[in-house]
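Everything in the sequence shown is counted per our numbering, starting at 718 for the first residue and increasing by one. Don't be surprised by glycine CBs; every beta carbon is placed ideally from N, CA and C. Nothing here was measured: the structure is a model prediction, and the numbers come from that model. Everything on this sheet refers to the single structure shown next.
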Amino acid sequence: MFMQQTQSRINLYALLSRIMLQELDVEMLKMIKNDETILDFFPTLQKWAPLNELDEKKLLEEVINPDFVNLSVLHLIPYETFYTRDDQMIETGGANPVTDIYSAYDFMVDYEVARTLSSDHIGVELEFMHHLANAELQALKDENTNAVKELRETQHEFLNKHLLQWAPMYLINMKYESRTPLYYDAAEMALEFILSDNEYLTSELSA
């Protein structure tokens, strides 16, 4: 049961980090469109006529990807330090609050692939949670209970010290600024998931 739950968490963190980090490509859009399990997380998108009426490439280039740019570059700022620093400056160097914990768990940010200015981008922080959940799954397979506990504690701490301190504000803004059902649903899904995942980890650690 734990393995199944952890695998589900891994899948959701992977999906959300991919959606938040960069524009979709045709392959990713087709995956969302054709996988019923994934599509269930996007109820507004399911009913959106252009999803099945427009060619995927045209839909991405003219509608979906411009919305991503609007939400991630032009109108909203998806970086933790923007929300948590008094001067609202994005900390791009080693003084960024997430740098040490990333290093401690051998997590490297590929800035070229991610196309982010800083390691505290929401997509990168979600990817780090994916990285930790993956390590937890391996520890479960190895029956290493100490590592499982430590990794759950780290995930819980990271959610509470980082993602939950600012991501809800960004995601609520993202939901209301979105021009497409894809990002409307993704924002709602991400918000619900990080809150419920925190509850899950809290209950596991107190059990």
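Where do the ends of the alpha helix (DSSP H) carrying residue i lie?
{"i": "Pro-885", "result": "881-894"}
{"i": "Arg-726", "result": "719-738"}
{"i": "Lys-764", "result": "Premise fails: Lys-764 is in no alpha helix (DSSP H) and is neither H nor E."}
{"i": "Thr-816", "result": "816-821"}
{"i": "Asn-915", "result": "898-923"}
{"i": "Thr-871", "result": "862-875"}
{"i": "Asn-751", "result": "743-751"}
{"i": "Met-759", "result": "Reading the sequence as shown, one finds Phe at residue 759 and not Met. From DSSP, Phe-759 is part of no alpha helix (DSSP H); its letter is neither H nor E."}
{"i": "Lys-775", "result": "773-776"}
{"i": "Asp-803", "result": "Where Asp-803 is concerned, there is no enclosing alpha helix (DSSP H), given that its DSSP letter is neither H nor E."}
{"i": "Asn-813", "result": "It is not in any alpha helix (DSSP H) - Asn-813 carries neither H nor E in the DSSP assignment."}
{"i": "Asp-859", "result": "Counting along the chain, Asp-859 falls outside any alpha helix (DSSP H), and DSSP gives it neither H nor E."}
{"i": "Asp-784", "result": "782-786"}
Identify the residues that DSSP records as bridge partners of residue i: which are they?
{"i": "His-838", "result": "Tyr-796"}
Relative to the C-alpha of residue i, which residue among the options is closest?
{"i": "Tyr-901", "options": "Thr-723, Gln-763 and Val-790", "result": "Gln-763"}
{"i": "Gln-934", "options": "Tyr-917, Tyr-819, Thr-761 and Trp-883", "result": "Given a span of 718 to 924 for the chain in the structure shown, any question on residue 934 remains unanswerable."}
{"i": "Tyr-822", "options": "Ile-807, Thr-761, Met-846 and Leu-746", "result": "Met-846"}
{"i": "Tyr-917", "options": "Leu-776, Met-745, Glu-808 and Arg-869", "result": "Arg-869"}
{"i": "Leu-922", "options": "Ile-889, Asn-863 and Glu-905", "result": "Asn-863"}
{"i": "Thr-798", "options": "Ser-789, Asp-827 and Thr-809", "result": "Thr-809"}
{"i": "Leu-788", "options": "Thr-754, Asn-877, Ile-889 and Glu-753", "result": "Ile-889"}
{"i": "Lys-774", "options": "Ser-895, Val-743, His-873 and His-879", "result": "Val-743"}
{"i": "Ala-812", "options": "Ser-835, Tyr-800, Val-790 and Asp-803", "result": "Ser-835"}
{"i": "Glu-905", "options": "Leu-756, Leu-768, Glu-770 and Pro-885", "result": "Pro-885"}
{"i": "Asp-817", "options": "Lys-750, His-879 and Asp-772", "result": "His-879"}
{"i": "Glu-740", "options": "Thr-833, Thr-801, Leu-881 and Ala-924", "result": "Thr-833"}
{"i": "Lys-866", "options": "Phe-824, Ala-924 and Ser-913", "result": "Ala-924"}
{"i": "Phe-785", "options": "Asp-914, Asp-757, Leu-899 and Asn-915", "result": "Leu-899"}
{"i": "Met-891", "options": "Met-737, Phe-759 and Asp-772", "result": "Met-737"}
{"i": "Leu-843", "options": "Leu-876, Ser-895 and Leu-771", "result": "Leu-876"}
{"i": "Thr-871", "options": "Leu-777, Asp-752 and Val-815", "result": "Val-815"}
With residue i and residue j assumed to form a contact (beta carbons below 8 Å), what rounded beta-carbon distance in angstroms separates them?
{"i": "Ile-727", "j": "Asn-861", "result": "Incorrect: roughly 17 Å between the Cβ atoms, too far for contact."}
{"i": "Thr-897", "j": "Ile-807", "result": "The Cβ separation is near 25 Å, so there is no contact."}
{"i": "Tyr-796", "j": "Asp-837", "result": "5 Å"}
{"i": "Leu-793", "j": "Tyr-887", "result": "7 Å"}
{"i": "Thr-723", "j": "Glu-853", "result": "6 Å"}
{"i": "Met-720", "j": "Leu-857", "result": "5 Å"}
{"i": "Ala-903", "j": "Leu-729", "result": "Going by Cβ atoms, the distance from Ala-903 to Leu-729 rounds to 11 Å, so no, they are not a contact pair."}
{"i": "Leu-768", "j": "Lys-750", "result": "6 Å"}
{"i": "Thr-919", "j": "His-873", "result": "7 Å"}
{"i": "Leu-881", "j": "Ile-911", "result": "6 Å"}
Below 7 Å, is the gap between the Cβ of residue i and the nearest heavy atom of the ligand ATP?
{"i": "Ile-794", "result": "In the structure shown, the ligand ATP is absent, as is every other ligand, since no ligand is present at all."}
Does any residue of chain B bring its CB to less than 8 Å from the CB of residue i?
{"i": "Ser-734", "result": "Considering every chain present, this structure includes no chain B. It has just one protein chain."}
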